[in-house]
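Undergrad:
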Amino acid sequence: MKTVLVVQGKGGGPKTATARNLAVAAAVAGLRVGTLDADPQGSLTYWHAQRPAEVAAIRHEQRALGDIDRKPTPEGLDLLVIDTPTAIEFFPEATGLLFDSADLVLVPVRPGPEDLVSMEGMLPYLRARRRPTRLLLSQIHPRLRETADARAVVAGMGTVAPVEIPHLQEVPRSFLAGLGTAEVAGTRTGPLFSNLWAYVAQDMGV
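Residue 1 is where the sequence shown starts when you use the UniProt record's numbering, and the numbers rise one by one after that.
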């Protein structure tokens, strides 16, 4: 089983959207997928409860970060995607277990100054964990100068995924339906999340 840990330094960003859409893209590709919601807000758990019966099955568990006392090792899965809360540094033992279990850490970053400053502050912590880490530009407006500026800044922070997720309403709409955009015909981000999964899968040797 491979594990992807999705983390983010600043609240209000595309962390849960990234986790659920990555999980869906892998499930659509035929993998046995599970999700773990360690965020007390429970957004991923709410989303999972809305999933229609006829779509690809995704096993789900919710556990508060402070209650995690061992590496998550569910049986019968090909992939586990873990959604985390912000301020993970306040739970060092549990966070350490999650990082130790991760085959890849995925960090979504929005192209705004607050997110870039937050990401800069989070870098020493991420590097200290010594896990393979990939940065993902998300909620972008491709034609804005801020996006071009963010590309340059993020490229200096680490390895950036070769996929960018635009800021489109189809992403939150799919949340309310319990879906990922890879399950919705005609979406622009569905193929992008599928491409992101293909990149992550190759990176992890799936």
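Cβ atoms here follow ideal geometry from the backbone N, Cα and C, with glycine treated the same way.
Does the segment 121 to 137 come close enough to the segment 54 to 62 that 3 or more CB-CB pairs lie under 8 Å?
TA: No, the segment 54 to 62 does not touch the segment 121 to 137.
Undergrad: Among the candidates G158, T181, G96, A161, whose CA atom is the shortest distance from the CA of L168?
TA: Comparing Cα-Cα distances from L168 to each of G158, T181, G96, A161, the minimum goes to T181.
Undergrad: Just to confirm my understanding: we take T18, look at its own chain, exclude 5 residues before and 5 after, and list those with CB closer than 7 Å. What are they?
TA: Hits under 7 Å: V6, L106, P108, L136, S138.
Undergrad: Between which two residues does the beta strand (DSSP E) harbouring R134 extend?
TA: Unbroken beta strand (DSSP E) run through R134: 133 to 140.
Undergrad: Under the assumption that T189 contacts V171 (Cβ atoms under 8 Å), give the Cβ distance between them as a whole number of angstroms.
TA: Contact flag correct, Cβ pair sits at about 6 Å.
Undergrad: Could you name the residues of the same chain whose beta carbon sits closer than 8 Å to that of G112, not counting the 5 residues immediately before and after it, in chain order?
TA: E146, A150, listed in sequence order.
Undergrad: On a Cα-Cα basis, can you pick out the residue from S118, K15, K2 that is closest to K71?
TA: The residue with the shortest Cα to Cα distance from K71 is K2.
Undergrad: Does residue 214 come out as helix, strand or coil in the three-state DSSP assignment?
TA: A query on residue 214 cannot be resolved here, the shown segment of the chain reaching from 1 to 206 and no further.
Undergrad: For V117, is the classification buried or exposed, using 16 other Cβ atoms within 10 angstroms of its Cβ as the cut-off for buried?
TA: Burial call: exposed.
Undergrad: Assign H60 to one of three DSSP states: helix, strand, or coil.
TA: Three-state DSSP puts H60 in a strand.
Undergrad: In terms of residues, what are the limits of the beta strand (DSSP E) holding G34?
TA: 33 to 37 is the span of the beta strand (DSSP E), which, as asked, contains G34.
Undergrad: Please identify the residue among N21, V28, R51, T16 whose C-alpha is closest to the C-alpha of D39.
TA: When only C-alpha atoms are compared, the closest one is T16.
Undergrad: Please go through the segment 96 to 135 and give each complete beta strand (DSSP E) segment of 3 or more residues, from N-terminal end onward.
TA: As far as the segment 96 to 135 is concerned, its whole beta strand (DSSP E) runs of at least 3 residues are 104 to 109.
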